[in-house]
């Protein structure tokens, strides 16, 4: 159990800042804060990002268009659902 816990981001965070498990700084840190701190240190130390490469087949403009079309379709579906009166209402006796 201890070996598995030693590989977690929480353990890295505590080791990095020499914090005991009941330290308020550790207890108030969210998972997102710990992850952001971990990756900031990885990039700063040059341990991450060395495997980055350029994908020649990736078309950013096409991806943006696709995402916008999906968003517009979802918005249209929400608007249609809001405009259509629900048919499953039943009157309750007073």
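Numbering (full-length UniProt numbering), first residue to last: 1 to 94. Where a beta carbon is used, it is the ideal one built from N, C-alpha and C, also for glycine.
For residue 40, the three-state secondary structure derived from DSSP is helix.
In the structure shown, residue 13 adopts helical secondary structure according to DSSP, grouped into three states.
Residue 23 sits away from residue 15, with the two beta carbons spaced by 9 angstroms or more. Judged by DSSP in its simplified three-state form, residue 19 adopts coil rather than helix or strand. Shown here, residue 33 sits in a helix according to DSSP, grouped into three states. Distance from the CA atom of residue 93 to the CA atom of residue 25, rounded to whole angstroms, is 57 angstroms.
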